[in-house]
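K.L.:
Okay, handing you the structure first.
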Amino acid sequence: MKLNNYPIGIFDSGVGGTSIWKEIKTLLPFENTMYLSDSLNAPYGEKSQQEIIDLSIKNTQFLLEHNCKLIVVACNTATTNAIKTLRKTFTVPFIGIEPAIKPAALQTKTNTIGILATKGTLNSELFEKTSSTINKKIVRKEIIGKGLVELIEGGKLYSDEMTVLLSSYINPLIAQNVDSLVLGCTHYPYLIPQIRELVGTKITIIDSGAAVARQTKAILKLNNILNSTTNKGRHHFYINKDKGVLSQLIASDSGCVTITEKEF
Ligand code: DGL
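Count along the sequence shown from 1, add 1, and you get the number used in the working numbering.
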């Protein structure tokens with residue numbers, strides 16, 4: 002088989018990275034993908050940087066053993082803590098995701114932006130570095146979304162617990178004059194309908210999933226490894242926990258999908 006036909010590898014601490022997978026699948030319908038959901042070890046956001054690096058290396062090794070031609074780190078926490086090490090350790094191209102604070106800074110009218118992300122992302126060196134490049138006049142309200150990933154992983158996306166927790170993070174932002182909210186975790190796009198209900202039209206929600214898909218396409222093209230066939234892509238998911246929540250999240254895209262529950 003030609004390298005072009007090998008899958009794009011995607012990993013996340015859990016099921017959240019499927020929000021990125023959906024964007025990739027839409028933009029690149031002929032690409033095969035392999036998605037690794039490390040749900041057993043979620044959340045990454047509360048772990049040390051070394052633990053996040055070790056898990057990210059393990060996930061990458063798994064995907065490379067399955068012949069992936071490029072790796073998408075579909076996790077802000079893993080990107081901001083480990084992508085530098087991954088790029089030094091492996092020769093395959095990596096695409097990462099980090100909170101889209103630059104677009105938020107460009108569009109805010111109140112000069113106040115909200116960033117909802119994990120502790121691991123907000124405390125990372127990379128996030129600090131990116132933050133230092135935006136206009137100094139812009140006030141950043143950073144919120145650690147503690148507990149949100151656990152509720153999504155636990156199948157409680159729509160639950161009273163979620164409503165209470167999410168309101169406690171989002172409501173203060175409205176009072177603080179925030180007009181742009183950056184979703185800095187790939188699990189959070191699944192919360193958009195509920196966030197929208199809380200903020201109405203007062204706040205623009207910024208999510209970088211589509212940008213990651215565009216960057217994936219650009220890097221495949223640059224390396225001359227875009228899939229050259231016009232067959233609909235095949236998608237293989239590996240998860241080290243019960244597949245129930247994952248199946249629900251990707252139910253509307255279930256054509257050509259296989260899910261394997263497996264320890265890794
Ligand atoms: N989806 C991961 C992210 O983008 C969640 C991290 C976690 O497991 O805490 O950051």
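Glycine included, C-beta positions come from ideal geometry on N, C-alpha and C.
Quantities reported herein were computed from a predicted structural model and do not represent experimental measurements.
Quick one, are the C-beta atoms of residue 188 and residue 35 less than 8 Å apart?
P.N.:
no
K.L.:
Roughly how many angstroms separate the alpha carbons of residue 228 and residue 24, rounded to a whole number?
P.N.:
17 Å
K.L.:
Since I believe residue 10 is in contact with residue 69 (beta carbons under 8 Å), could you give me their beta-carbon distance rounded to a whole number of angstroms?
P.N.:
3 Å
K.L.:
So residue 213 and residue 43 are in contact, right, with Cβ under 8 Å, and what is the actual spacing, rounded?
P.N.:
Not quite, the Cβ-Cβ distance comes to about 19 Å (not below 8 Å), so this is no contact.
K.L.:
May I ask you to check if the CB of residue 43 is nearer than 7 Å to at least one heavy atom of ligand 1?
P.N.:
The answer is yes for residue 43.
K.L.:
Just reading off the alpha helix (DSSP H) that residue 248 is part of, what are its end residues?
P.N.:
From DSSP, the alpha helix (DSSP H) with residue 248 extends over 245–250.
K.L.:
Quick one, which of 41, 261, 50, 257 has its alpha-carbon nearest residue 26's?
P.N.:
257
K.L.:
Rounded to the nearest angstrom, what separates residue 119 and residue 235 at their Cα positions?
P.N.:
31 Å
K.L.:
Which residue spans inside the stretch 124–183 form an unbroken alpha helix (DSSP H) run of at least 4?
P.N.:
126–132, 149–154, 161–176
K.L.:
On the criterion of 16 or more Cβ atoms from any shown chain inside 10 Å, does residue 30 qualify as buried, or is it exposed?
P.N.:
exposed
K.L.:
Does the Cβ-Cβ distance between residue 135 and residue 102 come in under 8 Å?
P.N.:
yes
K.L.:
Alpha carbons only, please: which of 104, 72, 83 is nearest the one belonging to residue 208?
P.N.:
That would be 104, whose Cα lies nearest to the Cα of residue 208.
K.L.:
Just tell me which of 4, 178, 100 has its CA closest to the CA of residue 204.
P.N.:
178
K.L.:
Between which two residues does the alpha helix (DSSP H) containing residue 57 stretch?
P.N.:
50–66
K.L.:
Rounding to the nearest angstrom, what Cα-Cα distance links residue 180 and residue 231 in this structure?
P.N.:
42 Å
K.L.:
Should the stretch 40–59 be called in touch with the stretch 108–128, which here means at least 3 C-beta pairs below 8 Å?
P.N.:
yes
K.L.:
Within the present structure, is the beta-carbon of residue 150 separated from the nearest heavy atom of ligand 1 by less than 7 Å?
P.N.:
yes
K.L.:
If distances are taken between C-alpha atoms only, which option among 61, 160, 110 comes closest to residue 91?
P.N.:
61
K.L.:
Between the C-alpha atoms of residue 251 and residue 82, what's the straight-line distance to the nearest angstrom?
P.N.:
27 Å
K.L.:
State yes or no: is the C-beta of residue 156 nearer than 7 Å to some heavy atom of ligand 1?
P.N.:
no
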